[in-house]
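Asks:
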Amino acid sequence: MTHTQSLLTWEQIHACPGPTPSYHELPPQIPRRVGSQRSYAESLVLNDDLVSQTIGSEDFSYSHMRRNQYEEALFRCEDDHFEADVILETTRSAIAQLELLQKELEALEEDGAYKLREDALSAVQTAAIRRVYAHNGMDKEVIKLLFMNPKGCIPRVVERLKAKEKEWITEKVVLDQRIREIQKQNYYLSLDHRSFYFRQADKKDTTTKVLVDTIKELAAKQSEGNEAHAQLDTGAAHMEFAFTDHAVHKQVLRLLLVCAKRQFTKREMASCRALLQELVIEFFKLTPNFIDSAELENSGVQYAIGSVVATPLGEGTIVKYDAAAKLYTVRVGEKEAEMPRGDLLIQPASESPNECPSEEEKPEAKEEVKEEEPKEEEDKMEEEETEKEETEKEETEKMEETEETPIQVEVDEPAIPATRDVVFGGNNLYVFYRLYQLIYTRLQQCFTLCQTDLYTESNMTAHAVERALGEKKEEGSASPTAVDRNVELMDAMIHLLRGELTNQGFEQKCRQVLGTSGYFLYTIDRVVTGCLRQIQNMMSDAMNVQLIALRSYLKQQGGIRLNLYRGNALRVMGETRLNLFRIEYDDEEGEEEHAKGTLRFWYVGCVHDLARPSGCMSSSFFKYAENFMHVVKEEKAEEEGEQEKANSPFLTRSRARALHESRTKLEMDEVVDDFVPEYEDEASGKKERVVRKRRGHAADEEDVVVSKKVK
Numbered sequence: 001m002t003h004t005q006s007l008l009t010w011e012q013i014h015a016c017p018g019p020t021p022s023y024h025e026l027p028p029q030i031p032r033r034v035g036s037q038r039s040y041a042e043s044l045v046l047n048d049d050l051v052s053q054t055i056g057s058e059d060f061s062y063s064h065m066r067r068n069q070y071e072e073a074l075f076r077c078e079d080d081h082f083e084a085d086v087i088l089e090t091t092r093s094a095i096a097q098l099e100l101l102q103k104e105l106e107a108l109e110e111d112g113a114y115k116l117r118e119d120a121l122s123a124v125q126t127a128a129i130r131r132v133y134a135h136n137g138m139d140k141e142v143i144k145l146l147f148m149n150p151k152g153c154i155p156r157v158v159e160r161l162k163a164k165e166k167e168w169i170t171e172k173v174v175l176d177q178r179i180r181e182i183q184k185q186n187y188y189l190s191l192d193h194r195s196f197y198f199r200q201a202d203k204k205d206t207t208t209k210v211l212v213d214t215i216k217e218l219a220a221k222q223s224e225g226n227e228a229h230a231q232l233d234t235g236a237a238h239m240e241f242a243f244t245d246h247a248v249h250k251q252v253l254r255l256l257l258v259c260a261k262r263q264f265t266k267r268e269m270a271s272c273r274a275l276l277q278e279l280v281i282e283f284f285k286l287t288p289n290f291i292d293s294a295e296l297e298n299s300g301v302q303y304a305i306g307s308v309v310a311t312p313l314g315e316g317t318i319v320k321y322d323a324a325a326k327l328y329t330v331r332v333g334e335k336e337a338e339m340p341r342g343d344l345l346i347q348p349a350s351e352s353p354n355e356c357p358s359e360e361e362k363p364e365a366k367e368e369v370k371e372e373e374p375k376e377e378e379d380k381m382e383e384e385e386t387e388k389e390e391t392e393k394e395e396t397e398k399m400e401e402t403e404e405t406p407i408q409v410e411v412d413e414p415a416i417p418a419t420r421d422v423v424f425g426g427n428n429l430y431v432f433y434r435l436y437q438l439i440y441t442r443l444q445q446c447f448t449l450c451q452t453d454l455y456t457e458s459n460m461t462a463h464a465v466e467r468a469l470g471e472k473k474e475e476g477s478a479s480p481t482a483v484d485r486n487v488e489l490m491d492a493m494i495h496l497l498r499g500e501l502t503n504q505g506f507e508q509k510c511r512q513v514l515g516t517s518g519y520f521l522y523t524i525d526r527v528v529t530g531c532l533r534q535i536q537n538m539m540s541d542a543m544n545v546q547l548i549a550l551r552s553y554l555k556q557q558g559g560i561r562l563n564l565y566r567g568n569a570l571r572v573m574g575e576t577r578l579n580l581f582r583i584e585y586d587d588e589e590g591e592e593e594h595a596k597g598t599l600r601f602w603y604v605g606c607v608h609d610l611a612r613p614s615g616c617m618s619s620s621f622f623k624y625a626e627n628f629m630h631v632v633k634e635e636k637a638e639e640e641g642e643q644e645k646a647n648s649p650f651l652t653r654s655r656a657r658a659l660h661e662s663r664t665k666l667e668m669d670e671v672v673d674d675f676v677p678e679y680e681d682e683a684s685g686k687k688e689r690v691v692r693k694r695r696g697h698a699a700d701e702e703d704v705v706v707s708k709k710v711k
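Mapping the sequence shown onto the UniProt record's numbering, position 544 (from 1) lands on 544, and the numbers just tick up by one.
1. The alpha helix (DSSP H) spanning His608 covers which residue range?
2. Tell me the rounded alpha-carbon separation between Tyr585 and Ala274.
3. So, Phe432 versus Ile281, is the Cβ gap smaller than 9 Å?
4. For Ser190, is the classification buried or exposed, using 16 other Cβ atoms within 10 angstroms of its Cβ as the cut-off for buried?
5. Can you find the residues in the same chain that come closer than 6 Å, C-beta to C-beta, to Asn503, ignoring five residues on each side of it along the sequence?
6. So for Leu286, helix, strand or coil by DSSP?
7. Ignore the nearest five residues each way along the sequence and tell me which others in Ser517's own chain have a CB closer than 8 Å to its CB.
8. Would you call Pro19 buried or exposed, if buried means 16 or more other Cβ atoms sit within 10 Å of its Cβ?
9. Quickly, what does DSSP pair Ile318 with across the bridge? List them, please.
10. Alpha carbon to alpha carbon, what distance is there between His24 and His14?
11. Inspect the beta-carbon positions of Phe520 and Cys446 and report whether they are closer than 9 Å.
12. Where does Lys596 fall in DSSP's three states?
13. Have a look at Lys285, Ala123, Asp49 and Arg577 and flag the residue whose alpha-carbon is nearest the alpha-carbon of Arg38.
14. Nearest to Gly559 by CA position, among Arg254, Ala418, Asn537 and Met339, is which residue?
15. Taking buried to mean at least 16 other C-beta atoms within 10 Å of its own C-beta, is Phe243 buried or exposed?
16. Would you kindly check if the distance between the Cβ of Leu121 and the Cβ of Gln97 is under 9 Å?
17. Alpha carbon to alpha carbon, what distance is there between Leu50 and Thr452?
18. With Arg33 as the anchor, note down where its alpha helix (DSSP H) starts and where it stops.
19. Please work out which residues of its chain come closer than 6 Å, Cβ to Cβ, to Ile129, disregarding the five sequence neighbours upstream and downstream, and give them in chain order.
20. Return the CA-CA distance between Ala220 and Val330, expressed in angstroms with no decimal places.
21. With a cut-off of 8 Å, do at least 3 Cβ pairs link the stretch 80-95 to the stretch 161-168?
22. Give the DSSP-derived three-state secondary structure of Gly567 in the structure shown.
23. Mind checking which residues open and close the alpha helix (DSSP H) that includes Ser190?
24. Apply the 10 Å Cβ neighbour rule to Glu377 and answer buried if 16 or more other Cβ atoms are within range, or exposed otherwise.
25. Following the continuous beta strand (DSSP E) through Asp23, name the residue where it begins and the one where it ends.
26. Could you check whether the stretch 251-271 touches the stretch 494-502, counting it as contact only if at least three pairs of C-beta atoms, one from each stretch, sit closer than 8 Å?
27. Within the same chain, show all residues whose beta-carbon is closer than 7 Å to that of Leu327, passing over the 5 residues directly before and after it, in chain order.
28. If contacts are defined as beta-carbon pairs under 8 Å, then Glu217 and Arg600 qualify, I think. What distance do you get, rounded to the angstrom?
29. Just to confirm the assignment, what range does the alpha helix (DSSP H) spanning Phe243 have?
30. Going by the CB atoms, is the gap between Arg526 and Asp192 shorter than 9 Å?
31. Among His246, Phe283, Tyr553 and Glu99, whose alpha-carbon lies nearest the alpha-carbon of Ser618?
32. Roughly how many whole angstroms lie between the Cα atoms of His495 and Val248?
33. Taking its Cβ as the centre, do 16 or more other Cβ atoms sit within 10 Å of Ala549, making it buried, or is it exposed?
34. Just the Cα atoms here: how many angstroms apart are Glu11 and Gly35?
35. Mind checking who Asp421 pairs with in its DSSP beta bridge?
36. Less than 9 Å between the beta carbons of Cys425 and Asn563, yes or no?
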């Protein structure tokens, strides 16, 4: 038989009959290979006539859950442990067989020359002997001498094998300790198969492009065959999400404010609070002091005894605080109840006592501030007048091109009810609300998992690996409550956003509290940062500010009417090719008992392709939009300035003298500016406006004004 006849192709093997699809019977002309060391019992069960046909491999085929790096470390430990056991067992088997042969040789005559048969030692026992002498390259010679002169060679080989057995037993003890440490470090991490794929998918799904494309695809599917709703938001919502708990909004605000405080300056923080007040507090119909309560909770300051707080049971007063249990005793009416801090909402400072010192305790500072306020207000009025004159000139130039006629709106169009709120915006506003919804959903899911009892009797039964690692929970120890676990996770998230906790430490905390189901929190910092980035983009873009101000402006004009709002939003966005979205929140309770509201999204279309109504925007709106963020910034700046003055260690009279000296210096600088050669009319106008801006401002803003003057 030639060599080519012994080789079969895949088609030939597949054509041969077989009992199963994986096994086929060899043709009779193919020679059978029989093991020389096979025993009778082995020949009864081993196969010589069937061959397996490989149809695939796990290494090259797709598997739903591949091994992660921690699971690979456990498999390597298992391989090392198995290999050590095999070495010891084969060595012991060789020692036992050699000792048996030695006893047989001792029973024979001493003068005779004896040799071992080929089957005296199995292949496994021979390999064990060769393993001992392989490092010197003498393994073949030792095996040859063992079979040729067993009587003189067996005692020395047995002694050598026993010495190596003791050495390997000692090394195996060290290996077991190392394996135990590796198992402790990787066992619980190896159970997490979803986090790796979740990170990859979440990084892609939270980008602006994917979020916008998703709603565009849904809008395209919904508008198929319906030309009336092709590019308008007159049909059903393209996306809809349920917000079932108002208390979760407070946790979302805590994360956003912590991240913003680390990234933004004081002025940017004032704008950020203003946008959150407009887009979150007012839009979702929340309590007005949600932001102040969230900041107070982030600061870690305990609520004072006697503070008036809002609770799920109604308005109450704090009576006692248990530091060990972290619970407040609140009196609501005639009843008292213990509540965690997350269920409490501090009332405004005018209605409840606070730990911060009040202005009444500093009468001197208060009087001096009142004396200085008129001058500052006059200077601000002059500054606002000059800025308003410029904006009016620009607006009149625009109005000359297009006559100021109001947008035509249906007279019978009613305003939306008070339980609903609508806002139109571009990509930044849409992505902000989508990321806000993701944070809300994950925090709500986290609280739901915390409420499930992870320490039931079934879960208390330790796994074999847990028993070996000694990680079983002690019997009789107190189980953490759902509130404790939720507070622990919220603290971990805040520490992560502040940079006080690494990602590995945060993930370990999530596994400890939620198990492997807490993988959705691993990317919470990236989602919060992305949501905050949209706020920053809206603060720096005039068009976004006008779109946000338009909602507040229409509310003051008698309520929001969808057609009027949509037409004005299209006018604000102009001829751009940006996308327009409609976001609506309905605070009416749905069919579910605990439903608090529904957030809906519509993709209206590309602004350039949409038909804009005739007419133009009113000039009063541009004045309102110009002062929309400016007024809020001034209010926040005044509050921060009063707080800084209240907490300042310097005397108020020294502060007043320093402020007077700085103003005197600014007036002297204005005298010097009078001797500067005059430029063109426009340049001189800018120069005069800059001088008025410098008059009445603090000295720390002088550099900003000078830079504008140089430009």
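For every residue, glycine included, the Cβ atom is placed at its ideal position computed from N, Cα and C.
Replies: So, from the listed chains and residues:
1. No alpha helix (DSSP H) holds His608; DSSP gives it neither H nor E.
2. 19 Å
3. no
4. buried
5. none
6. coil
7. Leu449
8. exposed
9. Val330
10. 7 Å
11. yes
12. coil
13. Ala123
14. Ala418
15. buried
16. yes
17. 54 Å
18. Looking at the DSSP string, Arg33 is not in any alpha helix (DSSP H), and its letter there is neither H nor E.
19. Ala94
20. 52 Å
21. yes
22. helix
23. Pro150 to Ser190
24. Residue placement at Glu377 is poorly supported in this model, since its pLDDT is 46, which falls under 50; the coordinates still yield a value, given next. Glu377 is exposed by the Cβ-count criterion.
25. Checking the sequence shown, residue 23 turns out to be Tyr, not Asp. Tyr23 to Glu25 is the span of the beta strand (DSSP E), which, as asked, contains Tyr23.
26. yes
27. Glu338, Met339 and Pro340
28. The Cβ separation is near 17 Å, so there is no contact.
29. From DSSP, Phe243 is part of no alpha helix (DSSP H) but of the beta strand (DSSP E) over Met239 to Phe243.
30. no
31. Tyr553
32. 19 Å
33. buried
34. 27 Å
35. Tyr585
36. Correcting the residue identity first, residue 425 is Gly in this sequence and not Cys. In this structure, Asn563 does not lie closer than 9 Å to Gly425 by Cβ.
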